[in-house]
Amino acid sequence: MSKIEANTIDSISGTSTLTLGSSNASTIALGSGDVQSNFLYPAFEAYLSADTSPSNDTFTKIAANTEVYDTDNAYDNSSNYRFTPQVAGKYFVYVGASATSVNNMYSTIINFTKNGSGYKEAIFQNGTNSSYPLNKLTPTLCGVVDLNGSSDYIESNVNIQTHNGSSITLEGGSNKFTYFGAYRIGTW
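Per the working numbering, residue 39 is the first one in the sequence shown, and the count goes up by one each step.
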């Protein structure tokens, strides 16, 4: 086994790809405590800053308007509430929505869409439409989506159904209630 010692290894000027190993190399090992940088980017997480009152049994975009982080300024937290990363790859997406009502919540549906079309959805339903003992649901959803790095975008939505259209609160004010995030996990 040979050993190469260097402070910097870089690609040739005019290229952006640095290849380590060949088709025979399936693993690249780093020393203990070494850090890989520029992985898991772009990434963002945002949350709903204040409680809102969505309409009963209607899909409503989650207006996660307070950013916890946005590494590449790819999340619009003021108008479209969408993530449009400019780096192609597979992205891990997660969303959570904390909904409350007065002991009459029937179901909560959360989803995320890709380019405006349904992609992943989670449905949390309480029994039948004739029993309403719940007053709070906090469903979460996660999944992996392929984004092209130029025009693809993702958004998150919630649909809450109560008995007789009772008032609903989508909880905000902290990133532990209603939130939306994503980060790049690579390509394959």
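For each residue, glycine too, the CB sits at the ideal point set by N, CA and C.
> Pick from T200, N142, G211: whose alpha carbon is nearest that of T96?
Replying inline: T200
>> Assuming the contact rule is C-beta atoms closer than 8 angstroms, F218 and V133 should be a hit. Round their C-beta distance to whole Å, please.
In response: 5 angstroms
>> What would DSSP say about G203, mapped onto helix, strand or coil?
In response: helix
> So R222 packs on Y79, CB below 8 angstroms; how close in whole Å?
Replying inline: 6 angstroms
> Which one of T98, V125, A101 has the shortest CA to CA distance from N111?
Replying inline: V125
> Are at least three pairs of beta-carbons, each pair with one atom in the region 81–89 and one in the region 192–206, less than 8 angstroms apart?
Replying inline: no
> What residues match up with S194 in a beta bridge as DSSP calls it?
Replying inline: F150
>> Buried or exposed, going by whether 16 or more other CB atoms sit within 10 Å of the CB of A135?
In response: buried
> For S145, which three-state DSSP category applies?
Replying inline: strand
> Which residue from S49, M143, C180, G187 puts its Cα closest to that of Q163?
Replying inline: M143
>> Excluding the 5 residues flanking N115 on each side, which residues of the same chain have their C-beta closer than 8 angstroms to its C-beta?
In response: A84, A102, N103, T104, E105, D108
>> Which residue marks the beginning of the beta strand (DSSP E) containing Y85, and which one marks its end?
In response: 81–85
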